[in-house]
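Visitor: First, the structure itself, so that you have it in front of you.
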Amino acid sequence: MKKNKKLAVVMALLLTLTMAGGTGVAFGDIDYSQWDSGGTSGQPKDLQGTSLYSQAKAFLDKGVITGDTDGLFHPERTIKRSEFAAIIARATNNASQLNTSEQAQYFGDLKGYSWAKGYINRCYEVNLMQGVGNSRFNPGGTISYQEVMTAILRAKGINDATMAAYGTWPNNYIKYTQLYNLTGTVRVTDWAAPITKGEVVQLMYKNMPKSTVDTPSIVIATNRVGTTVTATVTVTGTGTHTFQWYDGSGLIAGATSSTYSWTTGSGSYYVKVTTSKTGYEDVVFTSAMYS
Numbered sequence: 027m028k029k030n031k032k033l034a035v036v037m038a039l040l041l042t043l044t045m046a047g048g049t050g051v052a053f054g055d056i057d058y059s060q061w062d063s064g065g066t067s068g069q070p071k072d073l074q075g076t077s078l079y080s081q082a083k084a085f086l087d088k089g090v091i092t093g094d095t096d097g098l099f100h101p102e103r104t105i106k107r108s109e110f111a112a113i114i115a116r117a118t119n120n121a122s123q124l125n126t127s128e129q130a131q132y133f134g135d136l137k138g139y140s141w142a143k144g145y146i147n148r149c150y151e152v153n154l155m156q157g158v159g160n161s162r163f164n165p166g167g168t169i170s171y172q173e174v175m176t177a178i179l180r181a182k183g184i185n186d187a188t189m190a191a192y193g194t195w196p197n198n199y200i201k202y203t204q205l206y207n208l209t210g211t212v213r214v215t216d217w218a219a220p221i222t223k224g225e226v227v228q229l230m231y232k233n234m235p236k237s238t239v240d241t242p243s244i245v246i247a248t249n250r251v252g253t254t255v256t257a258t259v260t261v262t263g264t265g266t267h268t269f270q271w272y273d274g275s276g277l278i279a280g281a282t283s284s285t286y287s288w289t290t291g292s293g294s295y296y297v298k299v300t301t302s303k304t305g306y307e308d309v310v311f312t313s314a315m316y317s
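The sequence shown maps to residues 27 to 317 in the numbering used here.
Have a look at this one:
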């Protein structure tokens, strides 16, 4: 694999309307150029030669997830709710606001988890994770398959309003996951059971965009709210490409060109670019213009 390439098989670009109150939640970028660094020095020995290696390394390279103090990854171990909060916050580019988030007092059972408080609060603020009732988060409790998939789907822009058509939690998120086969090779027999670290890696890897691209913000000035913004995405390459735009409610019908215009208001907008070419191409956000 050549270095410094950007994989654009499936890409999701997040446009955050800052002044209008949008919240940025999108999977973080993975630097795939680090995969061909050569050698295995410093890599967890219990990952070497396994099918999980490349998936786990993608997250290890970016500090989204870590190995244990004994130098091993321990994919068979379960994960605490506090640990997963840190993982999903890093993976969704929400770890940059921890200093502010950790000042909030949403939960009363975080004593001994000061290292995780910012992650937990941030996940709560952007609706990736919820408490367990009575102002408790249960940071030391193990996280389940259904809780992990709920967070992943929310990070993909699937909100509770969309899920209402599938029933109530957790059955609605389970049904949606099964309908679209979002678990891949991970076989789940009890959705309420604790998930393992290795399975978390597999589910996140399967459901995250595999491209390296910045996620720009469009700052809407107060006197511009209510006007029209036109955004354009450009693909450099020879493959055939298709485009689909999304907002917080899901797919926007008919929005299938490289350019999309909307009247500014609160919310987030995404564009998914799919290429028929096998290989690497650059996908870049190029402009956002008022009209």
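Ideal Cβ positions, reconstructed from N, Cα and C, are used throughout, including at glycine.
Buried or exposed for residue 147, please, with buried defined as at least 16 other CB atoms from any protein chain shown within 10 angstroms of its CB.
Guide: Counted from its first residue, the sequence shown places residue 147 at position 121. Its Cβ being crowded by 16 or more others within 10 Å, residue 147 is buried.
Visitor: Kindly indicate which three-state DSSP category residue 257 falls into: helix, strand or coil?
Guide: Position 231 of the sequence shown, counted from the start, is the residue given in the question as residue 257. Residue state, collapsed to three classes: strand.
Visitor: Relative to the alpha-carbon of residue 215, which residue among 170, 278, 140 has its alpha-carbon at the smallest distance?
Guide: Position 189 of the sequence shown, counted from the first residue, corresponds to residue 215. Here the closest residue by C-alpha is 170.
Visitor: Cβ of residue 135 within 9 Å of Cβ of residue 163?
Guide: If you number the sequence shown from 1, residue 135 lands on position 109. If you number the sequence shown from 1, residue 163 lands on position 137. Yes. Within cutoff.
Visitor: Of all the options 211, 155, 227, which has the alpha carbon lying nearest to the alpha carbon of residue 195?
Guide: Taking the sequence shown and counting its residues from 1, the one referred to as residue 195 is at position 169. Among 211, 155, 227, the Cα nearest to that of residue 195 belongs to 155.
Visitor: How would you call residue 141, buried or exposed, if buried means at least 16 neighbouring beta carbons within 10 angstroms?
Guide: Working through the sequence shown from its first residue, we reach residue 141 at position 115. Per the 10 Å Cβ criterion, exposed.
Visitor: With burial defined as no fewer than 16 other Cβ atoms inside 10 Å of the residue's Cβ, what is the status of residue 289: buried or exposed?
Guide: Counting from 1 along the sequence shown, the entry for residue 289 is found at position 263. Its Cβ having fewer than 16 others within 10 Å, residue 289 is exposed.
Visitor: Given 8 Å as the limit, is there contact between the region 208-222 and the region 167-185, that is, 3 or more CB pairs closer than that?
Guide: yes
Visitor: For residue 298, which of helix, strand or coil comes out of DSSP?
Guide: Residue numbering aside, residue 298 sits at position 272 when the sequence shown is read from its first letter. DSSP places residue 298 in strand when its eight states are reduced to three.
Visitor: The alpha helix (DSSP H) that contains residue 287, what's its start and end?
Guide: By one-based count along the sequence shown, residue 287 stands at place 261. Where residue 287 is concerned, there is no enclosing alpha helix (DSSP H), although the beta strand (DSSP E) it sits in stretches over 285-289.
Visitor: Quick check on residue 277: does DSSP put it in helix, strand or coil?
Guide: Within the sequence shown, the letter at position 251 stands for residue 277. Strand, per DSSP.
Visitor: Assign residue 125 to buried or exposed, taking buried as 16 or more other Cβ atoms, counted over all protein chains shown, within 10 Å of its Cβ.
Guide: Taking the sequence shown and counting its residues from 1, one reaches residue 125 at position 99. Looking at its Cβ environment, which holds fewer than 16 other Cβ atoms inside 10 Å, residue 125 is exposed.
Visitor: Just confirm the distance between the C-beta atoms of residue 201 and residue 192, as a whole number of angstroms; I'd bet it's less than 8 Å.
Guide: Looking up residue 201 in the sequence shown gives position 175. Looking up residue 192 in the sequence shown gives position 166. Sure, about 5 Å apart at Cβ, within 8 Å.
Visitor: By the three-class DSSP mapping on this structure, what secondary structure does residue 69 have?
Guide: For the purposes of this step, residue 69 is taken as the residue at position 43 of the sequence shown. Looking at residue 69 - three-state DSSP - the assignment turns out to be coil, as it is neither helix nor strand.
Visitor: Taking a contact to mean a Cβ-Cβ separation below 9 Å, would you say residue 267 touches residue 287 in this structure?
Guide: For the purposes of this step, residue 267 is taken as residue 241 along the sequence shown, with counting starting at 1. For the purposes of this step, residue 287 is taken as residue 261 along the sequence shown, with counting starting at 1. For residue 267 and residue 287, no; Cβs fall outside 9 Å.
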